[in-house]
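**Q** Let me give you the structure first, and then I'll get to my questions.
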Amino acid sequence: MTDINVNRGTFDEVMVPVFSPASFVPDRGRGSRVWDTEGRDYVDFAGGIAVTALGHGHPELLKVLHEQGDKLWHIGNGYTNEPVLRLAKRLTDLTFADRAFFANSGAEANEAALKLARRYAIDKFGPEKIEIISFTQSFHGRTFFTVSVGGQPKYAEGFGPQPQGIRHLPYNDLAQAVEAISDKACAVIVEPVQGEGGVLPADPAFLKGLREACDKHGALLIFDEVQTGVGRTGTFYAYMQYGVTPDILTTAKALGNGFPIGAMLTTDAIAQHFKVGVHGTTYGGNPLGASIAEKVVELISDPKLLEGVGERSKAIKAHLERINERFGLFKEIRGRGLLIGAELADAYKDRAKDVLNAAAANGVIMLIAGPNVIRFAPSLIMPMADLDEGFARIEKAVEQVVGAVAVSR
Ligand SMILES: Cc1ncc(COP(=O)(O)O)c(C=O)c1O
């Protein structure tokens with residue numbers, strides 16, 4: 003034990019203030035339950051922002067963590083290691099991809115994807131083919147390239163000149179995309195379901211149309227599956243249920259169930275444009291992270307587990323519908339698998355944070371996606387009893403928020 007005393011107030015003293023964390027401090031987790039430093043318990047519908055897909059403290063992941071932790075954590079990229087090779091084999095066997103590059107986060111996986119797309123196009127077609135097409139409200143990470151490509155200008159502004167050659171188009175508007183994608187485009191990057199942007203699923207025709215336009219103009223189609231990947235939408239990757247295959251796919255978040263790891267997956271032909279020394283990372287694919295991710299992939303690719311995603315998705319949507327019948331809180335309930343968004347009705351516009359805070363006060367951890375959408379991204383194996391208990395608490399929280407609105411009118 004240490005003699006340094008800390009609490010939530012310490013955050014405001016010693017941390018760079020880019021976050022505004024909740025008033026309680028989580029301390030311990032098991033499955034879909036979390037306890038704070040005061041011993042209060044919470045039902046976890048956030049999953050660490052779509053990360054802890056196998057819940058907290060999964061016994062098989064703990065076993066791998068301990069075994070590999072005892073063997074070798076890190077060795078550096080002058081060497082390879084067996085866990086990363088097994089992980090790459092599993093991911094390439096499961097997907098369209100032949101090759102994997104490992105990083106530490108979603109942003110870095112996207113950074114690699116965008117750099118690879120540029121390099122591929124410049125090598126193959128010349129220096130003019132650099133345009134990256136992205137979509138408004140999209141989110142691809144916080145490096146300078148990925149905030150510039152992302153479709154939320156507030157994250158990219160105020161840092162000086164941005165990378166050039168990036169265009170933003172409206173999401174799900176195929177006509178505009180078809181018109182905009184030209185021979186100058188090197189890549190189109192899209193989330194199959196926009197997560198941070200409000201839990202907006204792509205229309206299947208939109209993704210199919212993007213694939214056709216990319217093929218016509220020699221552009222690479224990049225699917226950012228950082229949030230939708232690793233079982234979140236009910237198939238291992240969302241592209242599998244859309245029936246549209248990208249050229250590059252990025253994945254992170256649930257891949258390590260909380261151990262930081264990301265990956266970029268692609269075909270052999272495209273991967274060849276990254277030669278030795280062209281791109282790299284110190285930690286990416288280290289044996290500790292890779293061994294955990296390998297177990298995560300093994301467990302989540304089990305068809306029975308993926309079936310359970312659909313069952314839990316239905317249960318959450320049914321609870322939300324029932325709450326909506328009582329309170330008229332939502333305008334729309336949407337999403338795929340266990341990435342679910344509930345958009346607030348006009349009477350509660352921009353009050354997602356109030357619902358989130360009321361939920362926390364009643365023992366529930368949830369997410370928002372913008373000021374107007376409540377988001378659910380729980381463990382894919384959340385026990386049904388926890389799910390039901392969580393919604394009993396959410397209902398109480400909603401009663402309080404709706405009551406407060408009635409009083410304040
Ligand atoms: C679709 C998508 N891409 C990229 C990222 C960035 O991932 P990271 O925070 O691991 O860098 C996120 C994170 O929310 C995301 O949702």
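Under my numbering, residues 3 to 411 are what the sequence shown spells out, in order. Cβ atoms here follow ideal geometry from the backbone N, Cα and C, with glycine treated the same way.
1) In whole angstroms, what separates the C-alpha of A363 from that of A399?
2) Measuring only from the beta carbon, is I263 closer than 7 Å to any heavy atom that is part of ligand 1?
3) Do you know offhand how far A360's Cα is from V403's?
4) Let's test the definition: count the other Cβ atoms within 10 Å of the Cβ of H415 and tell me whether it reaches 16, buried, or not, exposed.
5) According to DSSP, simplified to helix, strand and coil, what is K333?
6) Is the beta carbon of V195 closer than 8 Å to that of T237?
7) Please report the residue range of the alpha helix (DSSP H) in which S140 lies.
8) What residue does the alpha helix (DSSP H) around A109 start on, and which one ends it?
9) Between the alpha carbons of Y124 and A221, how many angstroms are there, rounded?
10) For the alpha helix (DSSP H) that contains P289, what are its first and last residues?
11) Look at the alpha carbon of I263 and the alpha carbon of K255, and state the distance between them as a whole number of angstroms.
12) Between L382, D356, I383, which lies nearest to I370 when the distance is taken from Cα to Cα?
13) Any chance the CB of Q229 is under 7 Å from a heavy atom of ligand 1?
14) Where do the ends of the alpha helix (DSSP H) carrying T268 lie?
15) Within 10 angstroms of its Cβ, does V311 collect 16 or more other Cβ (buried), or is it exposed?
16) Please state if the CB of I383 and the CB of L56 are separated by a distance shorter than 8 Å.
17) DSSP on Q178, reduced to helix/strand/coil?
18) Cβ of P248 within 8 Å of Cβ of F225?
19) Is there at least one non-hydrogen atom of ligand 1 closer than 7 Å to the beta-carbon of I370?
20) Can you tell me the Cα-Cα spacing of P203 and W37, whole angstroms?
21) Measuring straight from C-alpha to C-alpha, what distance separates G41 and R30?
22) Let me check you understand the geometry: is the CB of S107 closer than 7 Å to at least one non-hydrogen atom of ligand 1?
23) Looking at A187: is its Cβ nearer than 8 Å to the Cβ of E133?
24) Just mark P380 as buried or exposed, buried being the case when its beta carbon has 16 or more other beta carbons within 10 Å.
25) Would a C-beta distance cut-off of 8 Å place H60 and N259 closer than the cut-off?
26) So P289 packs on Q70, CB below 8 Å; how close in whole Å?
27) Determine the DSSP secondary structure at H275, reduced to helix, strand or coil.
28) Cβ-heavy atom distance between R234 and ligand 1 below 7 Å?
29) Is DSSP giving I370 helix, strand or coil here?
30) Using a Cβ distance threshold of 8 Å, determine whether the region 208-215 contacts the region 173-181, with at least three qualifying pairs required.
31) Identify every residue that forms a DSSP beta bridge with Q196.
32) For A24, does the count of other Cβ atoms within 10 angstroms reach 16, so buried, or fall short, so exposed?
33) Expressed to the nearest angstrom, what Euclidean distance is found between the alpha-carbon atoms of A215 and D72?
34) Among all the DSSP beta bridges, which residues are the ones paired with P28?
35) Alpha carbon to alpha carbon, how far is V180 from V18? Give it in angstroms, no decimals.
**A** Reading it off the structure:
1) 8 Å
2) no
3) Taking the straight line joining both Cα atoms gives about 7 Å.
4) Nothing in the structure corresponds to residue 415, since the chain is present only between 3 and 411.
5) When DSSP states are grouped into helix, strand and coil, K333 belongs to the strand group.
6) no
7) First-last for S140: undefined, no H or E at that position.
8) 108-127
9) In the sequence as displayed, the identity of residue 124 is Ile instead of Tyr. Looking at the two C-alpha atoms, the distance is approximately 11 Å.
10) 289-302
11) 7 Å
12) D356
13) yes
14) Not the alpha helix (DSSP H): T268 falls in the beta strand (DSSP E), residues 264-268.
15) With 16 or more other Cβ atoms inside 10 Å of its own Cβ, V311 counts as buried.
16) yes
17) helix
18) A contact, by the Cβ cut-off of 8 Å.
19) Not under cutoff, so the answer is no.
20) 33 Å
21) 9 Å
22) Because some heavy atom of ligand 1 lies under 7 Å away, the Cβ of S107 counts as near it: yes.
23) yes
24) buried
25) yes
26) 6 Å
27) coil
28) no
29) strand
30) Judged by Cβ distances under 8 Å, the region 208-215 makes contact with the region 173-181, as three or more pairs qualify.
31) L202
32) exposed
33) 50 Å
34) D38
35) Spanning the two alpha carbons is a distance of roughly 43 Å.
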